[in-house]
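Numbering (my numbering), first residue to last: 33 to 302. All residues carry an ideal CB built from backbone N, CA and C; glycine is no exception. This report concerns only the one structure given below.
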């Protein structure tokens, strides 16, 4: 049986695959079992952590989760009520940006996950895996500059109270549901410093627009103060993460976002 056939039998549903570049497989369709429209997200067998995080955060924020299970073939399946969502306009206004900041702040205050330690060596491991990319020489140069400063950076960051980061804050993961702005897609949620959660948004969707950034931060509220060195280190980690992602799922536009981040880091640390 195919994955789709297996799910249709289990869920008593007629499913349609959602075409979207992702490491997961997603479906939607009406279920006779629950008499509602479903959103089904299937994670590969080795992605239990992502599956578990997505389920946990949804259970804390809403009542969408209907069931979760592991298939005989190893995949992890999360079955939820589908939602009628309205995407954001292509043009983000300062008013909307402020609302986005407020929604993220509420997420940071509300969601809780078990404590996990982020090891700087993970970043170094990712850089080593990027040896064949054009960005590698610049990444290696910056890595060497940061290595001697890591004790100072870590000491500063350990003073910051961590929050649960959404992990993929961007315009596409903000949606209007019943007139309210909400965040969706929580599989990348993890503990970290609040500022990390909107770096990609500022560089990608806001394209460096200072008025949108200011409005977002106004909506978010008080943030922990960080030195330029620590801020640049966090931005460097985000850029490395993007380069690692596009190595597996090529996306030239997204790669250019990481390149702009690296330029900022270079300007700050050199």
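Contact check for residue 129 and residue 208: beta-carbon distance about 15 Å, past the 8 Å limit, so the pair fails to qualify.
Runs of the beta strand (DSSP E) lying entirely within the region 168-248 and spanning at least 3 residues, in chain order: 195-197, 206-209, 212-215, 222-224. About 11 Å separates the beta carbon of residue 114 from that of residue 47, a gap too long to meet the 8 Å contact definition. One Cα belongs to residue 298, the other to residue 174, and the distance between them is close to 7 Å.
In this structure, residue 231 lies near residue 267, with their beta-carbon atoms less than 7 Å apart. In this model, residue 77 and residue 96 are separated by some 23 Å (Cα to Cα).
In terms of Cβ geometry, residue 110 and residue 87 form a close pair [threshold 7 Å].
Ranking 194, 101, 236, 163 by CA distance to the CA of residue 73 puts 101 first. With contacts defined as CB atoms closer than 7 Å, residue 276 and residue 300 fail to qualify as a contacting pair. In the structure shown, residue 108 falls within a strand segment according to DSSP collapsed to helix, strand and coil. A contact is defined here as three or more CB-CB pairs under 8 Å, and the region 114-125 meets this definition with respect to the region 205-225. By the criterion of a C-beta distance shorter than 8 Å, residue 274 is surrounded in its chain by 232, 286, 287, 289, 290, 293, once the five residues flanking it on both sides are discounted.
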